[in-house]
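Each protein sequence line maps, in turn, to chains A and H. The numbering of the first sequence is the numbering used here, which starts it at 5 and goes up by one. The numbering of the second sequence is the numbering used here, which starts it at -7 and goes up by one. Notes for the one structure printed next.
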Amino acid sequence: MKKFNKFHIIAIIIIIVSVFSIVSSCVPDSKCDPEFATPFNLTSPFRFPEMNLPTDNPMTEEGVELGRFLFFDTTLSINHQISCGSCHKPEFGFSDGGKQFSTNSKGLMTKRNTPALLNAGFQNKFFFDGRSASIEEAVDDATKNEMEVNWEVTLPYLENNSFYAANFKKAFGCDAVTKENVLKAISQFMRSIISSGESEIDKKFFTTNDYTQLSPAASRGFLLFTSARADCFHCHFTNILTTDNQFHNDGIQYNDGSFNFADNGRGAITNVQTDNGKMKTPSLRNLAYTAPYGFDGRFSTLREVVDFYADSVHMSPTLDAVMIHTGNIRLNLTNSERDDLVAFMLSMTDSTVVVNPKFQNPFR
Amino acid sequence: MKKLVSLFSVLIVLVFISFSCTKYKGNGTLILSMHPTINGSDIDIANTIYTDPTQGVRFRMDHLEFYISSIKLTKKDNSVVSLSGADAVRLFYWKDIYAKTANYSIPAGEYTQITYTIGLDNTLNSTVPDDYNTNHPMGTNSGNYWIMNNSYIFSKLEGFVDTSNTPGAPLTYSYVYHIGDNGYIKEVSFNKSFTLKEKETVEIPFNIDVLKFWNGPSPINFKTELETHTTNKPDIANKLLNNYAAAITLE
């Protein structure tokens, strides 16, 4: 038998190294595989429904946390001064802290009041006119229109930032700093912002189905709220989220009898004139933090809201049919009845959500 | 030789039986489509003002919405394919957006009759929107539940009416008919022969004669009976439910 000489040994080593190299190149690098990210435990709290999650953006611990940083990072915007969190502040239920309109990256005022983002993950239409069908689309819209993100600048910034580079990798794998993944991460964070279970209505009504467990004023308010007389329930009491997620013209805007409104709302999206003036029903949860109210923020207080619906609803060709089914759009509520309605709405306040450390600005 | 012939015959019979047993295998898709019409034309929701000559009113329909559930499909051999529970529930609606069709995956075969329920039975109605995925027809995004009544709203019919029947006059009054409470359901059956093959689709179109909502077998006064939320005016709800059943026919 022929003996191995040193050339044979070198050749064998080269072959072994080559084979190992080829094999290892075929095996995915586990560090690049987002499957290794930790699934986010999105157990719907307290009677809340199952969230409809997009299959191409499963929530992970890493994705949610990355999204929190991106949500509050002003560097993303074109002027480096505006983040999502600039207008959606946690301490105000992710609305804009008492402002009727918000300021965009150009320093211009928005057309509508900034909506609160709490429980956004349970919805399937976004903005008052419902122009976005997913949170990802809504974030894309906001980064384009309010923040004017210049992706050619923002993406290199994120890639060259060691914190972001590492955390994009953790959440989405290698070469993951893309616009799509920025939108996905922010969307994951937004889906995690859930408020329920801690308010008076959750603890005392939704657990017992007995409205008398609420405070006396809130109990009286409940009866009015769910009566045909005040008729708030059609839009706000069809589920635990207190929004039917539908579009209605609730008579806020003055109308001259035509189908045109100062803000056509849903109609501007569907291009159907009978949708003009319709806006998406907002949730009534955490109103204590989300003033002012109305799609254009015209009401400073909840009492102003109740007074308006009681006394001042505007007739128009697209006014919701349920608001005039008795042939009358005035509610004739007494002072104390109006106070009771406010008390009932405030029973939906969850004081824990605005201080939850998981939702706070990490740059502070 | 005789044995061989017998064996061959048996084989042929077995092959034939086997073939006949597998004539219909797998599932196909059944589409139920609904077409609300007035005088034979598709209704122009929330836009066109129509005249109801029987009642002498002008009206606009802004919103029509109803659940169907508990589908039963009778086969040629009289066996019945039943689809029940929440998975069989579908919501048809015409408002700012439309849902005119409902799809079901059903076994391939030859069918002769279709039956379904307008509304939700007591078992389904004992659930709440929070029990479902947000986008399920009975989920939170449907907006069809009364928390204080512990009931789904099985159907909604809304719009505006001019009871003076004056051309050009504004539609002063609204009409709002919401049906929903245990028992306010109606089973409807239609004789319809169709063959569904594996992976193929059959559509069964239904016409909804809208004027029959008021002028069906249980007439509703379109000038004075303009509202029901079922429990407050159960007589109107019952009449409308009868009229729903009469208004829906096979195209």
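All residues carry an ideal CB built from backbone N, CA and C; glycine is no exception.
query: Using beta-carbon positions only, say whether A/L245 and A/S287 come within less than 8 Å of one another.; result: yes
query: Please list, in chain order, the chain H residues whose beta carbon lies closer than 7 Å to that of A/M349.; result: Going along chain H, no residue has its Cβ under 7 Å from A/M349, so there is no contact; the nearest lies around 15 Å.
query: Are the CB atoms of A/M349 and A/L291 nearer to each other than 8 Å?; result: yes
query: Roughly how many angstroms lie between the CA atoms of A/G202 and A/D354, to the nearest whole one?; result: For the sequence presented, residue 202 of chain A should be read as Glu rather than Gly. Their backbone Cα atoms lie some 5 Å apart in a straight line.
query: Taking only three categories from DSSP, how would you classify A/R185?; result: The sequence shown places Asn at residue 185 of chain A, rather than the Arg named in the question. A/N185 falls in the helix class under three-state DSSP.
query: Using a C-beta to C-beta distance shorter than 7 Å, which residues of chain H count as neighbours of A/M392?; result: Residue 392 of chain A lies beyond the residue range present for chain A, which begins at 5 and ends at 368; the question has no answer from this structure.
query: In three-state terms, what does DSSP make of H/H209?; result: Rather than His, the amino acid found at residue 209 of chain H in this sequence is Pro. The answer is coil: DSSP assigns H/P209 none of H, G, I, E or B.
query: Which of the three DSSP states, helix, strand or coil, is assigned to A/M327?; result: helix
query: Between which two residues does the beta strand (DSSP E) containing H/L188 stretch?; result: 178 to 188
query: For A/E54 and H/G131, I'd like the C-alpha separation in whole angstroms.; result: 9 Å
query: Along the chain, which unbroken stretches of the alpha helix (DSSP H) at least 4 residues long are found entirely within the segment 240 to 307 of chain A?; result: 270 to 274
query: Is it buried or exposed, A/N332, if we count other Cβ atoms within 10 angstroms and call 16 or more buried?; result: exposed
query: Report the rounded CA-to-CA distance for A/S351 versus H/L83, giving the unit in angstroms.; result: 32 Å
query: Leaving out five residues on either side along the sequence, give the residues of the same chain with a beta carbon under 8 Å from the beta carbon of H/N174.; result: N114, N117, S143
query: Cutting at 7 Å between CB atoms, please list the residues of its own chain near A/R270, excluding the five before and the five after it.; result: D133, G134, F251, D279, K282, M283
query: Per the DSSP calculation, A/D145 is bridged to which residue(s)?; result: Answer is none; A/D145 lacks a bridge partner.
query: Going straight from the alpha carbon of H/D201 to that of A/K362, what length do you get?; result: 55 Å
query: Check the Cβ-Cβ distances between A/R51 and every residue of chain D, and say whether any is below 8 Å.; result: Although the question refers to chain D, the structure presented lacks it and instead comprises the protein chains A and H.
query: Answer yes or no: do A/D311 and A/R342 have a C-beta to C-beta separation smaller than 8 Å?; result: yes
query: Can you find at least 3 beta carbon pairs, one from the segment 105 to 117 of chain A and one from the segment 211 to 222 of chain A, that sit closer than 8 Å?; result: no
query: Ordered along the chain, which non-local residues of its own chain (more than five positions away) have a Cβ less than 8 Å from that of A/G102?; result: F96, A295, P296
query: Check whether the segment 154 to 162 of chain A touches the segment 84 to 93 of chain A, counting contact only when three or more Cβ pairs, one atom from each stretch, lie closer than 8 Å.; result: no
query: Per the contact definition of three or more C-beta pairs closer than 8 Å, is the segment 18 to 38 of chain H in contact with the segment 207 to 225 of chain H?; result: no
query: Rounded to the nearest angstrom, what separates H/Y176 and A/R233 at their Cα positions?; result: 24 Å
query: Evaluate A/P321 with the Cβ neighbour count: other Cβ atoms within 10 Å of its Cβ, from every protein chain shown; 16 or more gives buried, anything less gives exposed.; result: buried
query: Confirm, please, whether the CB-CB distance from A/I190 to A/L122 is below 8 Å.; result: no
query: Three or more C-beta pairs under 8 Å: does that hold for the segment 219 to 228 of chain A against the segment 152 to 165 of chain H?; result: no
query: Could you tell me if A/P32 is buried or exposed, where buried requires 16 or more neighbouring beta carbons within 10 angstroms of its beta carbon?; result: Legend: pLDDT at A/P32 = 44, less than 50; position of this residue unreliable, value from coordinates given subsequently. Label assigned to A/P32: exposed.
query: Consider the Cβ of A/V276: report whether some Cβ of chain H lies at a distance smaller than 8 Å.; result: yes
query: What are the start and end residues of each continuous alpha helix (DSSP H) run of 4 or more residues lying completely inside the segment 107 to 186 of chain A, in chain order?; result: 139 to 149, 155 to 164, 166 to 176
query: Restricting to Cα atoms, I'd like to know which of H/P226, H/W138, H/A238 is closest to H/N199.; result: H/A238
query: Is the shortest distance between the beta-carbon of H/N157 and the beta-carbons of chain A less than 8 Å?; result: no
query: In whole angstroms, what is the alpha-carbon distance linking H/V194 and H/Y167?; result: 36 Å
query: Going by C-alpha distance, which of H/I228, H/E219, H/D123, H/K64 is nearest H/P211?; result: H/I228
query: Where H/I145 and H/D79 are concerned, what is the direct C-alpha to C-alpha distance, given to the nearest angstrom?; result: 18 Å
query: Let me check understanding here. Comparing Cα to Cα, which of A/F50, A/K93, A/T114, A/A221 lies closest to A/R368?; result: A/K93
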